[in-house]
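Asks: What follows is a structure written as structure tokens; I'll ask about it next.
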Amino acid sequence: MVKYRRVSHLENTRSNNLKRIRASLAGLLVLLGSMLLISCGRSGPRWHGHHKLIILGIDGMDPQLLTRFIGEGKMPNFAKLMQQGSFRQLTTSIPPQSPVAWSNLITGMNAGGHAIFDFIHRDPKTMELYFSASRVEPPKHAIHIGSWVIPLGGGTAEQLRQGTAFWQVLDEHGVPNSVFRIPSNFPPAPAKGHTLSGMGTPDLRGTYGTFSFYTDDPTAATGATEGGQIIPVQVENSQVSANLIGPDNTFRKGSPASLEPFTVSVDPATGLALNSTSFPGLQP
């Protein structure tokens, strides 16, 4: 069930995110993995063992709170992980931001080496801002037929992080590996194993996380805002009807957003969403 929240809750979003980023150690259980990388020098023998290692990294986790909760018995599964493996606090990156910290972990270099200094970088020639970790460009050429736009070829995605990823070093030594949902790795660095990119991967709308906040608060500022869009709605007969905003239809002139109507039933007593319509398909 989804409970309606007032827009005032959004005011603290930016400051909370900054606090989370500053506290991020970008991988609390990775020290053992770092030791593995140090031990397998590029000139060493190929790996022929059968032991397996799991490195678990959690973005933004506070190690002090984690340790306290484990001591209070509130996180028994993490306690088992600590007992069976290795748990160490890692000094975060400079600056202490998620893309930088994860790039440090991935490459073993600081920002001066992998060239990721922030979420956002600035082009000194044009003063334009762009996402630091990758660059995604649409097709350069297209045929226009009425309201249709037919691209001639696909777009491009470029990884802007410099350096060699640690799993590429493992590949060189014949160590099988799989890397799932690690941030700052889009498009995924070439690998022999299985790789799935995480935070920093654009969504279907071409953004890095966009919210749609539906509210019946008449005092709320509506329209586009930082990180998403605030959409005014009316509650009539304990129901809310609106449009779900989907990806832009780049095959249409002007790239209009795909929309899908939906209806939500609201419990008048609690403000909870009881049920909603299904979304069979977004319509341009």
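The sequence shown lines up with residues 632 to 915 when you count with my numbering.
No residue lacks a Cβ here, since even glycine has one placed at the ideal position from N, Cα and C.
For His825, report the span of its beta strand (DSSP E) as first-last.
Replies: Counting from 1 along the sequence shown, the entry for residue 825 is found at position 194. Taken as a continuous stretch (DSSP letters only), the beta strand (DSSP E) holding His825 covers His825 to Ser828.
Asks: Return the chain-ordered list of same chain residues with a C-beta closer than 8 Å to the C-beta of Gly831, the five sequence neighbours on each side being excluded.
Replies: Residue 831 sits at position 200 when you count from the first residue of the sequence shown. Here the set comprises Pro730, Phe762, Ala764, Ser765, Pro814, Ser815, Asn816, Phe817 and Tyr839.
Asks: Starting from Phe811, trace the beta strand (DSSP E) both ways and give me its first and last residue.
Replies: Taking the sequence shown and counting its residues from 1, the one referred to as residue 811 is at position 180. Residues Ser809 to Ile813.
Asks: Going by C-alpha distance, which of Ile725, Ala888, Ile751 and Thr757 is nearest Lys743?
Replies: For the purposes of this step, residue 743 is taken as residue 112 along the sequence shown, with counting starting at 1. Inspection of the sequence shows that residue 743 is occupied by Gly rather than by Lys. Ranking the options by Cα distance to Gly743, first place goes to Ile725.
Asks: Excluding the 5 residues flanking Gly837 on each side, which residues of the same chain have their C-beta closer than 8 Å to its C-beta?
Replies: Working through the sequence shown from its first residue, we reach residue 837 at position 206. Only Val767, Pro878 and Asp879 meet the Cβ criterion.
Asks: Report the three-state DSSP secondary structure of Ala873 (helix, strand or coil).
Replies: As a first step, residue 873 must be located in the sequence shown, where it is residue number 242. Three-state DSSP puts Ala873 in a strand.
Asks: By alpha-carbon positions, which one of Glu789, Ile747 and Gln790 ends up nearest to His727?
Replies: The count along the sequence shown starts at 1 and reaches residue 727 at position 96. The sequence shown places Pro at residue 727, rather than the His named in the question. Checked all of Glu789, Ile747 and Gln790; the closest Cα to Pro727 is Ile747.
Asks: With C-beta atoms as the reference, is Ser778 less than 8 Å away from Arg883?
Replies: Along the sequence shown, one-based indexing puts residue 778 at 147. Along the sequence shown, one-based indexing puts residue 883 at 252. Ser778 is a Cβ neighbour of Arg883, given a cutoff of 8 Å.
Asks: Please name the residue or residues paired with Gln790 in a DSSP beta bridge.
Replies: Start at 1 with the first residue of the sequence shown, and residue 790 comes out as number 159. Per DSSP, Ser765.
Asks: Tell me the residue span of the beta strand (DSSP E) that contains Ile774.
Replies: On the sequence shown, position 143 is the one that residue 774 refers to. It spans Ala773 to Ile776 - the beta strand (DSSP E) in which Ile774 sits, taken as one unbroken run.
Asks: Phe709 and Leu696: beta carbons closer than 8 Å?
Replies: Taking the sequence shown and counting its residues from 1, one reaches residue 709 at position 78. Taking the sequence shown and counting its residues from 1, one reaches residue 696 at position 65. The answer is no: Cβ separation not under 8 Å.
Asks: Using the three-state DSSP reduction, which class does Ser843 fall into: helix, strand or coil?
Replies: Stepping through the sequence shown from its first residue, residue 843 is reached at position 212. Looking at Ser843 - three-state DSSP - the assignment turns out to be strand.
Asks: With contact counted as at least three CB pairs below 8 Å, one residue from each stretch, are the segment 845 to 861 and the segment 797 to 809 in contact?
Replies: Verdict: no, contact absent.
Asks: For Ala773, I'd like the list of residues in its chain whose CB is within less than 7 Å of its CB, leaving aside the five on either flank, ordered along the chain.
Replies: As a working note, residue 773 is residue 142 in the sequence shown. Contacts found: Val780, Ile781, Pro782 and Leu783.
Asks: Under 8 Å between the Cβ atoms of Ile737 and Phe797?
Replies: Mapped onto the sequence shown, residue 737 falls at position 106. Mapped onto the sequence shown, residue 797 falls at position 166. Taking 8 Å as the Cβ cut-off, Ile737 and Phe797 qualify as a contacting pair.
Asks: Buried or exposed for Ser670, going by 16 or more other Cβ atoms inside 10 Å?
Replies: In the sequence shown, residue 670 corresponds to position 39, counting from 1. Confidence in Ser670 is poor, its pLDDT being 42 and thus under 50, which makes the residue's placement unreliable; the coordinate value appears in the next sentence. Counting Cβ neighbours within 10 Å, Ser670 comes out exposed, since fewer than 16 surround it.
Asks: Rounded to the nearest angstrom, what separates Met706 and Leu687 at their Cα positions?
Replies: Translated into the one-based positions of the sequence shown, residue 706 becomes position 75. Translated into the one-based positions of the sequence shown, residue 687 becomes position 56. Rounded to whole angstroms, Met706 to Leu687 spans 16 Å at the Cα level.
Asks: Taking DSSP's pairing of strands, which residues face Arg753 in a bridge?
Replies: Here residue 753 is taken as the residue at index 122 of the sequence shown, counted from 1. Beta-bridge pairing links Arg753 to Leu760.
Asks: Between Ser869, Gly902 and Gln860, which lies nearest to Ala888 when the distance is taken from Cα to Cα?
Replies: As a position in the sequence shown, residue 888 is number 257, starting the count at 1. When only C-alpha atoms are compared, the closest one is Gln860.
Asks: Determine the closest residue to Ala900 out of His804, Asp749 and Ser869, with distance taken between C-alpha atoms.
Replies: To locate residue 900, count along the sequence shown from 1; it is residue 269. Cα-wise, what sits closest to Ala900 is Ser869.
Asks: Compute the Euclidean distance between the alpha carbons of Glu703 and Met692, then round it to the nearest angstrom.
Replies: For the purposes of this step, residue 703 is taken as residue 72 along the sequence shown, with counting starting at 1. For the purposes of this step, residue 692 is taken as residue 61 along the sequence shown, with counting starting at 1. Between Glu703 and Met692, the C-alpha separation is close to 17 Å.
Asks: Determine the direct distance from the alpha carbon of Ser828 to that of Leu890, and round the result to whole angstroms.
Replies: Taking the first residue of the sequence shown as position 1, residue 890 is located at position 259. Taking the first residue of the sequence shown as position 1, residue 828 is located at position 197. Leu890 and Ser828 have their alpha carbons spaced roughly 27 Å apart.
Asks: Drop a sphere of 10 angstroms on the beta-carbon of Asp749, count the other beta-carbons inside from all chains shown, and report buried for 16 or more, exposed for fewer.
Replies: Sequence index remark: in the sequence shown, residue 749 carries index 118 (1-based). Looking at its Cβ environment, which holds fewer than 16 other Cβ atoms inside 10 Å, Asp749 is exposed.
Asks: How about Gly794 and His745: are their beta carbons less than 8 Å apart?
Replies: Here residue 794 refers to the residue found at position 163 when the sequence shown is read from its first residue. Here residue 745 refers to the residue found at position 114 when the sequence shown is read from its first residue. In this structure, His745 lies closer than 8 Å to Gly794 by Cβ.
Asks: So, for Gly922: in the same chain, excluding its five sequence neighbours on each side, which residues have a beta-carbon less than 7 Å away from its beta-carbon?
Replies: Any property of residue 922 remains undetermined from this structure, which presents the chain solely from 632 to 915.
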